[in-house]
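Right, one structure below, let's go through it.
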Amino acid sequence: MDIKIGDTVRYLNDVGGGKVASILPDNRVMVIDDSGFEIPMFRKELVVVDSDDSKPKSVTISTKKEVETPENYHNELIFFPQGTNLSGNNTPKAYIAIVPQNEQASKSDILNVHIVNDCNYHLFVSVYESNKLSNKFVNTQIIAPNKNSFIYAIDKNKYSYDTIEITVNLSFYSKGSIPSIKPWQSKVEIETSVFTNNIMFKRNSFFDIPAVMYRLVDTDSSTAEFKKALETLTKENSVVVSDKILLDTTPAKKTKKEKPKENFLKEVDLHIQSLVESTAGLTPKEMLDIQMRQFKVEFENALAERYKRVVFIHGLGNGTLKNEIRRTLDREYKKYEYHDASFKEYGFGATMVILSK
324 MDIKIGDTVR
334 YLNDVGGGKV
344 ASILPDNRVM
354 VIDDSGFEIP
364 MFRKELVVVD
374 SDDSKPKSVT
384 ISTKKEVETP
394 ENYHNELIFF
404 PQGTNLSGNN
414 TPKAYIAIVP
424 QNEQASKSDI
434 LNVHIVNDCN
444 YHLFVSVYES
454 NKLSNKFVNT
464 QIIAPNKNSF
474 IYAIDKNKYS
484 YDTIEITVNL
494 SFYSKGSIPS
504 IKPWQSKVEI
514 ETSVFTNNIM
524 FKRNSFFDIP
534 AVMYRLVDTD
544 SSTAEFKKAL
554 ETLTKENSVV
564 VSDKILLDTT
574 PAKKTKKEKP
584 KENFLKEVDL
594 HIQSLVESTA
604 GLTPKEMLDI
614 QMRQFKVEFE
624 NALAERYKRV
634 VFIHGLGNGT
644 LKNEIRRTLD
654 REYKKYEYHD
664 ASFKEYGFGA
674 TMVILSK
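Shown next, in the form of structure tokens:
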């Protein structure tokens, strides 16, 4: 059934419903619930329980007058959805998260892909997935500050290729006085073997179950311009910023993100014996691939968990793993400094990466 302004609807996947106030682009409508809040919803997530066609014209006109609002009000709700603003969290940060439907990823046929907006900006994203066979548009979303949004589902049984590449176009924006950010693009290459490896899924501060987290990094330019702009704000201005960017008019629900935890040092053991039960039948290249996948996952987890330092214990050996780690740091994580970890604690067999000072 087609949905029209004035129809009474209920949510298909949730409790509640309301009345349709306006028709939005991209197959969405604006629903006013019983509390007077207006919520943008996809048509496919709604069921019409009372069509406006059956009501007298006068009632229809009266309903429109009741929901009459300033011209830009609906746009305000769409482009500035309510989020939670955290003091000092004004640096643009975002992650791709691969989240299984239960704690054992190997037992989940479906994996959910989310994007986490880990800052006080609103975030508009458009997402594409490519592989050896195709390149396709996936979804577009507007994500509130310090929230995450479901993007699409992966049926891992249908992925017959070794890697996929997810491209995300990001645009951070705000009504507050924090610096404006140029739109940027990030590309993440994911090996599909990750989908079935429980070791890769780690506890984190964003989801209740283990997930694989990938930091979205600007592939075209550095964030130096943003940092310079942010540093020009005085302490007095910073107070004004924190006042201006608060969008909640009522106390927000407390979540684990309410008081972000900052840790200092994380140690990651990359010895192959700690990653697999047995190396029987594995070639040296296969073992190195397993270790490097674990390196990337642990690096992204350390960023997501707000560690200041991370030590990767790779052993001395013939230096293959150590050299590959440092090549990856130089190529994919250029902004982070690294050096040999403490000789007293690790000998020559570890590399320390400085994530923040």
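Counting in the numbering used here, the sequence shown runs from 324 upward without gaps. Note that CB positions come from ideal geometry on N, CA and C, so glycine has one too.
Close beta carbons around residue i, own chain, < 6 Å, minus the five adjacent residues each side
i, result
"Q424", "S431 and I433"
"F530", "V422"
"N412", "C442 and N443"
"V633", "K589, A625 and V676"
"D330", "V343, V371, S374 and D375"
"E623", "M536, Y537 and R538"
"F447", "I465 and S494"
"S453", "E488"
DSSP state of residue i mapped onto helix, strand, coil
i, result
"G340", "strand"
"E600", "coil"
"I646", "First, the amino acid is wrong: residue 646 is Asn here, not Ile. Helix at N646."
"P404", "coil"
"I613", "helix"
"A686", "What the structure shows of the chain is the stretch from 324 to 680, and residue 686 is not part of that stretch, so it cannot be assessed."
"D653", "helix"
"R366", "helix"
"Y669", "helix"
"I522", "helix"
"A420", "strand"
"A428", "helix"
"I438", "strand"
"S587", "According to the sequence provided, residue 587 is Phe. The question's Ser does not apply to it. In the structure shown, F587 sits in a strand (DSSP, three-state: E or B)."
"S509", "strand"
"F618", "helix"
"I328", "coil"
"V634", "strand"
"S528", "coil"
"I355", "strand"
"T674", "strand"
"I595", "helix"
"V540", "coil"
"R333", "strand"
"S500", "coil"
Beta-carbon gap between residue i and residue j smaller than 8 Å
i, j, result
"A417", "V436", "no"
"T519", "Q508", "no"
"I355", "K342", "yes"
"I477", "V461", "no"
"L611", "E647", "yes"
"L409", "N469", "yes"
"P404", "I465", "yes"
"N586", "R649", "no"
"H445", "Y496", "yes"
"I419", "V540", "no"
"L369", "V338", "no"
Residues near residue i by beta carbon distance below 7 Å, same chain, minus five either side
i, result
"S449", "T463 and N492"
"L626", "R538 and L678"
"Q614", "L593, I595, L598 and L644"
"I346", "I328 and V352"
"K680", "none"
"D357", "G341"
"E391", "At E391 the pLDDT is 47, less than 50, meaning the model places this residue with poor confidence; the figure from the coordinates comes in the next sentence. Excluding sequence neighbours, E391 sits near nothing in its chain."
"V326", "The sequence shown places Ile at residue 326, not Val. Same-chain partners within the cutoff: V332, V343, V352, R366, L369 and V371."
"E426", "I532 and P533"
Pairwise C-alpha distance: residue j and residue i
i, j, result
"V599", "R616", "13 Å"
"R526", "P533", "4 Å"
"N513", "T651", "The sequence shown places Ile at residue 513, rather than the Asn named in the question. Their backbone Cα atoms lie some 15 Å apart in a straight line."
"A428", "F524", "7 Å"
"Y334", "Y659", "46 Å"
"H637", "Y484", "29 Å"
"T674", "P415", "27 Å"
"N458", "I487", "10 Å"
"E361", "K619", "41 Å"
"E609", "Y661", "26 Å"
"V591", "S503", "36 Å"
"I501", "K455", "41 Å"
"P607", "N521", "22 Å"
"N641", "K479", "36 Å"
"A575", "F402", "With a pLDDT of 39 at A575, under the threshold of 50, the modelled position of that residue is not reliable, and the figure given next carries that caveat. Rounded to whole angstroms, A575 to F402 spans 19 Å at the Cα level."
"D653", "M364", "44 Å"
"I667", "N336", "Looking at the sequence itself, residue 667 is Lys, so the reference to Ile does not match. Between K667 and N336, the C-alpha separation is close to 57 Å."
"T515", "Y451", "16 Å"
Neighbourhood of residue i by C-beta, 8 Å cutoff - its chain only, sequence neighbours within 5 removed
i, result
"F671", "L639 and D663"
"S517", "For the record, residue 517 in the displayed sequence is Val; it is not Ser. Cβ within range, chain order: I421, M523, V535, R616 and V620."
"T602", "I595, Q596 and M610"
Any non-hydrogen atom of the ligand MN closer than 7 Å to residue i Cβ
i, result
"D663", "Ligands displayed in this structure: none; no statement on the ligand MN is therefore possible."
Length-filtered (3 minimum) beta strand (DSSP E) runs lying within the region 451–497: Secondary structure in the region 451–497: the beta strand (DSSP E) runs of 3 residues or longer, each lying completely within the stretch, are 458–466, 470–478 and 486–496 in chain order.
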